[in-house]
Structures are given as structure tokens and as C-alpha cells.
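To keep things clear, I will list the structure first and then write my remarks on it.
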Amino acid sequence: MAYSSEDLATMDSIIKRYPRSRSAIMPLLHFVQSRIGYVNGEGIELIAKLLTLESAEVSAVATFYTQYKRSPVGEYHVGVCTNTLCAVMGGDAIFAGLKEHLGVENNGVTADGKVSLEHIECNAACDYAPVVMANWEFYDNQSVASSKELVDSMRSGNPKPPTRGPNILVTWKEASAVLAGINDGKANEGVQAGEPTLLGLKLWKEGK
Amino acid sequence: MTKLVPVLSEHWDEKDSFTIQAYTRHGGYKAAEKALAMDPDAVIQLVKDSGLRGRGGAGFPTGMKWGFIPQGDNKEHYLVVNADESEPGTCKDTPLLMANPHVLIEGCIIAAHAIRAKYAFIYIRGEVTHVVRRVNQAIEDAYKAGHLGKGVEIILHVGAGAYICGEETALLDSLEGFRGQPRLRPPFPAIAGLYAMPTVVNNVESIASVPAIVLNGAQWYQSMGTEKSKGTTLYSLSGHVKNPGQFEAPLGITLRELLELAGGIRQGHRLKFWTPGGSSTPIFTDAHLDIPLDYEGVAEAGSMLGTKALQIFDETTSIIRAVLRWTEFYKHESCGKCTPCREGTWWLVQILRDLDAGVGTEEDLNKLLDICDNIAGRSFCALADGAVAPIISSLQYFRQEYLDQLANKGSLFDPMESTLFAPAKAGA
Amino acid sequence: MTTAAAVEMITVVIDGFEVSVAKGTLIIRAAEQLGIQIPRFCDHPLLDPVGACRQCLVDIEINGRAFPKPQASCTIPVEPGMIVKTQLTSAVADKAQKGVMELLLINHPLDCPVCDKGGECPLQNQAMSNGQGQSRYEGVKRRFEKPINISSQVLLDRERCILCARCTRFSDEIASDPFITLNERGALQQVGIYEKVPFKSYFSGNTVQICPVGALTGASYRFRARPFDLVSTPSACEHCASGCDMRTDVRRGKTLRRLAGDDASVNEEWNCDKGRWAFKYVTAPDRLTHPLVRNEAGDLVEASWPQALAVAAKGLKEHASAVLVGGRATYEDAYGYSKFARVALGTNDIDFRSRLSSDEEREFLASCVVGSTTTYRDIDLADRILLVGFEPEEESPIVFLRLNKNVRKRGLKIAAVASKLSIGVEKLKGEFIKVAPGQEAATIAAVSLTAKSIILVGERASESAGALSAVSALADSTGAKIAWIPRRAGERGALEAGAIGNLLPGGRPVADAAARVDIATLWSTSSLPSIMGRSSDEIIAAVHSGAIGALIVGGVDPLDGANSASALAALEKAFVVALEIAPSEVTMRADVVLPVAAVTEKSGSFLNWEGRARSFEAAVHGSLNRSDLRILSMIAQEMGSPLNLGTVTAAAQEISKLGVWEGVRVSMVPVSPEKIATLTGDQFILNSWRRLLDCGTLQKGEENLAGTARATIAVISPNRAQSMGVADGDLLKISTTVGSVTLPALVEDIHDDAIWAPRNSTGSQLLVNLGVAHGAVVTVVKI
């Protein structure tokens, strides 16, 4: 059993957030990822048991959403936006560069287990294009060179901090716990906004 | 020249803008206090009078939506905030929640009071860890400050990567712990939404707009904007402009005005095409610079205001490549429930890949359009309508480019020229 | 339907024709009323509308306002002022449908020539009728690994699947067995199981039947036949008392498959997997084909019919004889046995209850059941259902489906008086009224019901003294209806036919002189025996005491009774005439064995638990085997006491003249429950029932079916498990003086005093292994 009694208590508290227990499937799957790194059979069966569902019902949900992984990802999971705008602005080149640099294909993991790579869809930061995400933290206005430096910093164990995010990049498992709704106390870290977010306000203050 | 009016974004430039201290410093939670002292129906009327319309894309009047909730039915009512911001090009709710999550929480308190809901759910897409942190912390702080827990509970729910969950009924299924596939309507969420109970689903920006309306009054809000599109909103400019970013302005501003604020198209280039409200809205060209960007103006010109996600592309961008990539997105995000969307997007990608490679004939363009015709308006929800919008509109404005590419038997563009890190081009 | 409220009718125009249909009718079905067939795949009249396949798009306008785009006619109910244009009159609808069809086909393999569905395939048919003939698709079709077993009996070919979700919706909505689900997303979406949990639903075969393509196929039928080579015959299911309408498909004298038939008032369009996939027993190689007579040396040898009939008649005439007829006889056959007992043997010693039974039950059947008219429809109208000695999913699966439908659609409240919470009752969200085995009576008395409630009583209620008395009293005091739901298909018919010692045909009490006159008149005999007949157990005892010297036995498994050793010894001792389809414990001990026809080889009817006649014709023609009725007539003729029931038709005609008994019914003398046993630390009270899929003789040879049977386990409560130090999977040895069984433990919701094991599953044949099945004290040790 990969889950401590503390884990089970947390899972119970996740279920109790909701008026109806089945709603807890998604945060519980995030929680499983925070413990195991991906969604494995044991996790699916455990959730099914906790929610008195068939395992098939849980795996049906788990396979629908792309953030739930079927196999281990890297400690730092890097997503390069290759939706149209970011792709055009350089996302395609960044993704190609990282594949070559890391020696992995889409959804691949480096042999040291440090970095995995995925091309992702629009991540709601288009005014910061091209955007790279790591464990779903923002790295804005990337270039081929900057993104290579970024993954190198991850592999050396000292990842660069996100542009808009906590002071230190958390691991995939730690980020998954945040997505399960667990407060890691880092909400007050990092900037409140980047320059593009504030551009309109700045211009207004300039009288525009 | 339309003036910018920061309402939502007014205090974003303060370093601690996301904290409850900063929010209360600027009068935060006063609106909730005021609204809670009002009769719920009066709050609904106020929002109706303000003219606020849904900022998630469809533009449905917010107050009217609230008014659809049956009252005195002895059922639990629910408020659900759609923070699953995923429409390509759309990037307004994410910075809003990062910079000021409390305005959403205050909006939830007011809206929940109005529709007599005890629970409000905030469904945030899962790919934004730091936004989740900020909102979660804000909820905690609002509980500690006593704004929550005395009549209204807020539950944060984090998605896991599915564009379709931005569709409100798919979002509800997802929130109930199912695969996020759209539901049959009727019944509409106002009658049988979350857990089959009357439910209002609103976009982040819509709910976040409510506190200011409560504080400043309906008159104030509807003094801004155009005849049927009232108030201010966040316009998001991205792509080949000198200074991309968020611009909060009254509805009805034009792209020409916004481009000027953004410093124009990047140096040495010219506007080729743009989306008014995300990739699901038919594209526009430089012929549409002066269309008022409100619900009616954009619709009259053949597109939709959508999420006001203005993605700007200059002449270095291949229209086919852009459309192909969007189509790949829709294929990836099709939920699989209905045939036209599931099979259609799968087929469209194959055809567009050929066209992008310069393989095909003019007949293939007609076939492409006919397949789009068999998909649009035939699918279960609007995702597939969005999927064919860029294809049809691109063929409307750039058919010749498709033909030229076929004649060339390959792409006419160098993708490096479009990138942010391309060598600067001299001259204007 | 005189009692139903007036149905509001709505008139709409479809393709220019007016049609009036009940409010709430979907457009697609209103069109059917006009004979207009709108193509469809995901639509199924018994599943919730889903609108997924988009094949049924039509143009609609209401009061002059047109919908801007075509709408799915399977999701929209008719409205006043609605004008619908289908593909027949709207070019837009026609193009929309052809467009959807083209999209459905781009990824559908063109393997129709090797597909089981070819020839009866809705996709194939509608592609012809509503497609455009040519595809413009030039790419490579989606590939998946070719068929995967999602259970031992169902295979899934994902390439053929068009994702209509009929199967997953059936499993979820109708069967409450969500073992198959839609997985993945978009163009990769696919039906599937969770990898470690196969599609072990008792109803899985329905998904094969409603699959509109060849994506789901049954292992037993796969690649066996083309539909156009099959001859189909309407039939009725012989496996239980639910009464399913069936279709039997035969090629060259051999049944190749059976399908659920349509009967809205009974099984709707569903059946269970046993009914669908257990039919090989008919063609088993050891079927009896010739009469057998025991010779001087004690061996059974083939004999001619005249010779065998002569020996049988002689033996029966020489002894005081009795009749044991199993619960699987058809109504007409049971009637034949009933008349044979009275006319040819001059006795009321007949009992169809070849199972655990009681005198209390016999009185209950005569008092509360015979002639009763509670139906499936009553379940639809009930306010509460009480289950007593009855586990619907295992013992009458279509009753389970009907209950489930009412739970799902209108929140019907169900309560079960039982010792163990069953999987079925859990699925029905039923209230579990927990009792120690044998102590049901007191609990039943305390249940609150109304005149709109129904008590569904299973045959196992007879195993708990006082339970049936309590049911009778509860019905009297509340006005609730009683429905008795036996397991076997023939029991209700046998009861009505008087194949029981206290009743003549038509519910006439043996003890009532007027009743005897009624029947004697019908049968043109001077008189009928007036002494109350013996029960099965009493008949066996009488053989041992010498009071009975001969038995005529039809379709009985002596191992099903309370004391199988005694039953076998009685069969050894008596002169036995056996009517059977295959060698059995009875034929091995018989003096004369007469082969009879199986259900598919003869016509006849069953009365299901409602008392509703489920008649059928022979599906397999050319069988030389005769019905029990015909053979009984021949023996009686030989005995000089003709039955005048040469054919099923003759029997049916005579039955139709029985009329209703309007005299006094047998009244129940209440029976008291037994005292609560005092248990020592390792003692439990045994509780059991038969699973739907088990070692039943009619399931012989059906390996694919057996592969989906539930695991054989012994269930004990968490408290007892804790005190014994037992966890799930630990082996428990359950012993009596007769013997023992050793089973893996499952800790579940069960009365602390009780241990549950399946009654007749592999490794757990309790009546044989332990000599008891319910209510007896057993010793349990962890090993």
C-alpha cells in the first residue's frame, strides 16, 4: 500500500469537500499523482473503493483528461504550447529544439527521470507567447535558447524559477498536490502580474 | 478615441494585489455587505439593469440567467464559476485570478445570495498551478475573515486538461465526477444543473464584474459601452503586435484603437488576419479594423465577440498552418461523444495536413468546405462549430493562398520569420 | 387501460402527414407511427435519449418558427404546432444524414463479409438506405487490436464500434453494471473495461443484441452462421419464472443462438445471459433418444416404445404410485402429470416442488398464490416493494431489471428481509432488513406497507418456518399484494395445474367436494381421490415405509431436496419410471427411462410468476422426441385409464375449460418460527441461495457462460471476521455432520450469526456437501 493513514485521511477530507462524493474523483486523481507521480491501477482501485464505484467508472474519467498520466513523467514536466499563436510565435521551434536537446519525443522522459516533454494546447497566457509550462507553472516569452537553459537547470537540480509563480519551481508531485486542492503555502510568492497584464492599466495611468 | 477604463484591473499594479489586505484596502467586500442587505431579487434586478452580459463568449445577459432560477422550490441551488479558460487566444481570467482572486470571491458571495445558493463552485482548469494556489489561498483568507462560511460556501474544483469542460454542461458533468461530455439540453442548468439542481454557470469575468456594479450602481455600468453591449471588459491582444497585453476598455472599442495602444503591428510587418474572440470565432482581416468590438458589431461582420481574445497575425504567417494547428487542437479536444465532431475533426486534420504540405487540388478545397458543412450545426455542442469556423473563414478570405500553396506544392512561408525571436525587420 | 388517466395527445405534421401521439413522444417515434423510418444508431426506445450519433437529424419548425439547423429527432419530444421534415421531404435533413453517415463510415472497416452482424446490421442497412454510396475519404482508417475479450462470453472489436454508447448506457442505466465504459477521448474514444475487471454482468448479452454494428459479439455465436441462413421461431425462456419472450434461431435442426424477444409487459427487450446462452444442453451428446428398460441383470438396455410403455404401465399398476415432477415442466406437461396422478394412479400424491419446501408453503400457495394476478405492471405502480426469501438478480433477473427501472425512474423504495446484503439489493439501493437465518417471521411482521405495496416472496421463504405465515398476515393487515416468484419456469404453471397434493387444477382444493366434482365432470370420471396428497418429502418417506411402491418422476434432480441421500435410496427402492432428456441421478436408478423432448423441440407454454402464459412453438423441427404430456398419455392408455390429452392443443383446450374457482380457498394455519439457536464461538447459521450462473443442469457445457459466474466465496460479518482473525481471501471450512466445504472468505454486510455461501456453485454444492442449505447450525474454522 503506497498510501499512509495520513494520505487516506487527506483523501477522506477531499471527499468531504463535496455535497456528493463522486465529485471528488478528479481531485483524488490529482492526489494519486501527487503520491505516485501518475495514475496507476492501485490508485484507480483505491478511488473506486473510497467512492463505491466500479474501477471502470474511475478509469473512464482518468483517461478522459490529459493531465492524468498513465506512466511516470519527469520530476519536471515541461509543456510547450504549440497551439497556433504560440506555435507561430516560436513554440514549434522551441518544441523541436527541446526534443533534440533532450533526446526525447513527445511524451518522452529523459533517462535520468528529471525532465519529460509534451506539446500542450493553449495555456491562457497568449500575451506572453511563446509560453512554456513546467509542472504547470508559467515560463513566459521563451526562446529556443532560453528553454534549453531552463531544462538544463532542471537536470542539474536547480531549476530556474517560473516567470509568474512561486520562488522555486516545485516538483511534479508537489504541483499535483496543489491541483488536488492542498495549500502549499506558496500563494503569496511571485509577482502579482507580468508586464503585458498591466499594460492597459499603465497606459490608462498615462492618460490613454 | 475610446478611453481605457480599468475597473477589474484597477489595482493590479500593486505588488500585493492578490491579498485580502490589498483587496480590503480598496473597499473589497463592501459590495458583498451591501448586497447581502438587499433582497435577492433586487440584486438580480440590479444586475439586469446594469446590462452585464456573459463574458465567457456567448454574451447572454447575466441578470436574466440568474432570474431563470426557480425560486421557492425548496431545492438546493448552485452557483458554478467557469474558470476553465481554454479557448485558444483567451488569457483574461487567468491574469485576473492571479492578480485579484478576491473580486471573484466577492462576486460569488453576491451572486449566490441573489440566486439563493449555499454553494458556489469555482472550476479552474488544471494547467495553472499558481492560479490554483492564489484562488485557494484567497478562499481560505475569505473564510478566516468571515466573508465565507456564513451562508455561502465556496468549493474550489481543479480540472485536468479538457477544453470541452469550458462548455457549461460538460463542466457540470466533470464537476460531478464524470467524463466531461456535454449534456442534452433541455433541461437547462437553470432547471437541472449540478446534481440535477437549479444552477447558474457564469464566467469568471462576469462574476468578477458584479461587485463594482453593486457598489457603483447599474446606471454607472450601463453608461459605458454601446447600446446593447454595456460596461467594460478585458480585451487581450496577443501575437504580432509590438506590446501584447490586457486592455480593459468599454465595449465597442475597435481593433484599430487597440492596436494603437499596443504599439501597432510589430515593426516592419503588416496585419494579415486576426481572431476577434478566440479561435472558434471566424477570423477577420485588415478590412475589419474599425468594427466595434461589441456583441452586435462583431456578429454583424460575420464573427463573434467571444472571449475578446484578439490574436494578431502578420503577413509572415501561413494561414493554412494556422488553421491546421487550430484544427489539430479541436481534434485533440473533441470529447468523442458525437459523430460529426469526433470523426469530422479527425478527417479535417488529414486534409489540412495535405494542403499545408501543398498536396491536393482545388477540388479538395470544395470537399473541405462540404465536410465543414456536414459538421457545422450537425454536432452535439458548439465545439465543432468552432472547429470549422477558422477553416471556412480562412477559405473566405484567403482561398488564393491555399491555391498558391497547392501550385507551389509546398509551404510558401518560413516559420522562423513569424517567431518572437526572429531577426528584427527594418522599416515599417 | 380503463384506469389510466387520459393521455394528452399532440398532433404534429411529419413530411406532410398529420399524426397524433401521446405527449412526450419523441419525434423519431412519432414518425414511426406514420411508417417513416428516420435512420438512427444511438437511439433505443428503452434507453435515455442521448443524441450522440446525430444520424437522425431532421428539420423542425414550431408555429412557423424554424430551428436554424437540423435537430436530432431522437431527443426532441413533439410539441403542438410542430412541423417536421425528414430526409424524405427536406434536402437539408437528407444531406445532414448523408453527411453523418459518411463520417460514421470513414473509420468503419469494410469487413462486412466476415462480420457476424453482416446481413442484420443497422449500419450496413442504413448505409444502403440513407448513405451516399461512395466515400470521399482517402486516408487510413483508425486501427485497434482486433477483438478483445471483455469477458469470457463477449468480444469487442473497437474498429467496428461507432460509439453510439448503447452498450455502456445499457450497462449503466438498465443493469446497473457499469463494468464497461467509454474511455479515452475524441477520435480515440473507445468502449472498454477496467483492465482487471471483466464485463461480468448477468445481462451482458443484451449489449451484443443492441449493438448496431458488429463491435460486440458473443463468443458462442461468433463466426457460426449468417443471419439469412437461420430460421427464427418465437419462443419462451425455460430457465426461470421471469417469463422472457425469446427468439430461437436454428440452422439445420440445431439452435445456434437465442435472443431476447420484445414484450413490453414482461421483459421489454431484455433477457439474462443464462436465457440467452444456455441452450447446449439440448444438443448435448448424451441426450436420451431411446426408451430404456432395466433387464434381469439390472442393466438399462434400449427397448422399443411399446415394450417400455408396457413395463412402465405394469409397474405403476402393481404398486401404490406417486408423481414427482420437477419445476421445469411446461404448463401442459404439468397438467398431464396432475391428471395422470388422479386418473391413472388414483392418487393426490404429486408434488412439483423438487426442492426444499414445507407444508406451510403448500398452504401458502393454495391460500395466497394460486390464481393470483400480480404483474410487472403492478411493480411499476407500487409504492414499496418488500423482498422475502428472494434475491431478484440471482433468482429472477428480469424482475430485478423491472425493479431497477422503477428505482431509477421514480425512486421506488425497496426493502429486503435477508441475512446478507446482496449485490442486487445494493444496486437497487434497497433497505437491508438484517435478520438471522430462520428468524425472518418476526421481522416481516414489523414492516410497514400500504395497500399499494407488493411483497415479492421467493421459494426460499419456505425454508424459514413462519415466514410465509407472516407474509400472509402482513398482506391481510396492510392490503399489500403478494407475488410469489419461484426460480423455475414451470412452478407457477404446475401450481395452477394442480401438480401438488392439496390442489386440483385451477386452484381447486382437494379437500373440497364441490371442487372435486368440478374436475371429475371436466375429466368425465366418476370420482377423484379425496385424501390429501403427500408432499415430496412425504412421498420419499412413504417409499421407505413401503406405503408407496412406484414413482413416476419427470425432470427432477433428487440432489435438490432436503435429504438427497434418502431421496436416492427411495429411487433405488421403488419401481421408477423416469421421463428425462438426459441421463441423471434418477434415470440411473429407474426401471423404465422414457426420453422426452426439450423445450425447443416442442410446443407448449409456461406460466411465469405473474401467471401469464408464455406459449411457444417448437423451434427445432424433426425431433423424434415427444413431450411429457404425450408420453403420459401413452402410459395412461397402456394402463387402461386414458387421459385424452394426446396433444398440447388438446391439453390447452381442456385447461381453458377449467374456469376460475370461486369457492372457498384453503386458509393458512399460522406456523411459528423456530427458536433462536445458541451459537458457540465457531458456529454460524447457514444462509445461501443459488446464483444465476452456477452448476445448474441446464447450464451444462456452457463454458463461456460459466466464465462470468461470480466467485465462490463464504461471507461473514466484519465482527465475526475480527473475532476469528479472518481477512478477505482466507480459507474457511464450513462443516456439518454430512460433510464440509472450504471457501475463501469475503467480509461483508451480513448478520453476525450468519455465514453465506452459494448453494449450487462449483466447490459449494451445499445440499450435497453439507446436507443443509439454510437455517442450520454449521461449524466454521479458519484454515
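Chains as they are written, first to last, in my numbering: chain A, 978 to 1185; chain B, 525 to 952; chain C, 13 to 795. The beta carbon of each residue, even a glycine, is placed where N, CA and C say it ideally should be. All values reported here derive from a predicted model rather than from experimental measurement.
C-alpha of C/Ile-643 to C-alpha of C/Leu-606: approximately 8 Å in a straight line. Taking C/Ile-551 as reference, the option from C/Ile-445, C/Phe-364, C/Ala-610, C/Asn-716 with the minimal CA-CA separation is C/Phe-364.
Using beta-carbon distances, C/Asn-218 does not count as an interface residue toward chain A, since no partner is under 8 Å.
Secondary structure note for A/Ala-1111: its beta strand (DSSP E) is the uninterrupted segment 1109 to 1111. The Cβ neighbour count for B/Met-525, taken over all protein chains shown within 10 Å, is under 16; the residue is labelled exposed.
Residue state for A/Tyr-1053 is assigned as strand, using DSSP reduced to three classes. Proximity to A/Cys-1058 across A/Val-1108, A/Gly-1090, A/Gly-1074, A/Ser-1011 peaks at A/Val-1108, based on C-alpha coordinates. Look at the stretch 187 to 206 of chain C: the residues with a C-beta under 7 Å from a C-beta of chain A are Pro-190, Phe-191, Ile-192, Thr-193, Leu-194, Asn-195, Glu-196, Arg-197, Ile-205, Tyr-206. Within the same chain, Cβ atoms closer than 7 Å to the Cβ of B/Asn-767 are found at Ala-786, Gly-787, the five residues on either side in sequence being excluded. Only Asp-60, Pro-61, Val-62, Gly-63, Ala-64, Cys-65, Arg-66, Gln-67, Leu-69, Pro-80, Lys-81, Pro-82, Ala-84 from the stretch 57 to 86 of chain C bring a Cβ to less than 9 Å from some Cβ of chain B.
Taking B/Ala-846 as reference, the option from B/Gly-802, B/Ile-815, B/Pro-864, B/Cys-862 with the minimal CA-CA separation is B/Gly-802. According to the DSSP assignment, B/Ile-915 belongs to the alpha helix (DSSP H) that extends over 907 to 932. Rounded to the nearest whole angstrom, the C-alpha separation of B/Ala-825 and B/Leu-775 is 16 Å. The C-beta of B/Gln-929 has 16 or more other C-beta atoms within 10 Å across all chains shown, which makes the residue buried. Comparing C-alpha distances from C/Gly-76 to each of C/Glu-44, C/Val-25, C/Pro-89 shows the shortest one belongs to C/Val-25. Excluding the 5 residues flanking it on each side, C/Leu-705 has same chain C-beta neighbours closer than 8 Å at Tyr-214, Asp-285, Lys-286, Gln-711, Leu-717, Ala-718, Thr-720, Ala-721, Arg-722, in chain order. Ranked by Cα distance from C/His-633, the options C/Asp-261, C/Ser-735, C/Glu-373, C/Cys-86 are led by C/Asp-261. Distances from the CA of C/Thr-724 to each of C/Ile-688, C/Thr-709, C/Gln-777, C/Gly-751 were compared; the closest alpha carbon is that of C/Gln-777.
Contact of A/Leu-1127 with chain B is not assigned, every C-beta pair being separated by 8 Å or more. Residues Ser-369, Gly-573, Ala-574, Asn-575 of the same chain have their beta carbon placed closer than 8 Å to that of C/Asp-549, with the five preceding and five following residues left out of the count.
Spanning the alpha carbons of B/Leu-528 and B/Ala-900 requires a straight line of approximately 37 Å.
Put simply, the CB of B/Cys-615 is near chain A, with a gap under 8 Å to one of its CB atoms. Within 9 Å of the CB of A/Gly-1177, no CB atom of chain C is found; the nearest one sits about 36 Å away.
Taking all protein chains in view, the Cβ of C/Leu-393 is surrounded by fewer than 16 other Cβ atoms within 10 Å, so the residue is classified as exposed. In this structure, DSSP gives C/Arg-546 a state outside helix and strand, which the three-state scheme calls coil. Spatial neighbours of C/Asp-189 in its own chain (CB-CB distance under 6 Å, excluding positions within 5 residues in sequence) are listed in chain order as Ser-183, Ser-213. For B/Phe-712, no Cβ of chain C is located within less than 8 Å of the residue's own Cβ.
Take A/Ser-998, set aside five residues on each side of it, and the residues of its chain with a beta-carbon closer than 6 Å to its own are Ile-992, Leu-1028, in chain order.
If you check the CB distance, C/Ala-253 and C/Asn-620 come in under 8 Å.
Residue-level contact check: B/Trp-850 does not touch chain C, since none of the beta carbons of chain C fall below 8 Å from its beta carbon. When rounded, the separation of the alpha-carbon atoms in C/Pro-80 and C/Leu-116 is 24 Å. Taking one beta carbon from each stretch, the stretch 746 to 765 of chain C and the stretch 783 to 792 of chain C have 3 or more pairs nearer than 8 Å; the two touch. Close partners of B/Gly-580 in chain C (Cβ separation under 7 Å) are lacking, with about 21 Å as the shortest Cβ gap.
Per DSSP, the continuous alpha helix (DSSP H) segment holding C/Trp-535 begins and ends at 525 to 535.
Under a criterion of Cβ atoms nearer than 8 Å, the residues of chain B adjacent to C/Val-112 are, in order, Thr-863, Pro-864, Asn-898, Arg-902. Between C/Trp-282 and C/Ile-410, the CB-CB gap stays under 8 Å.
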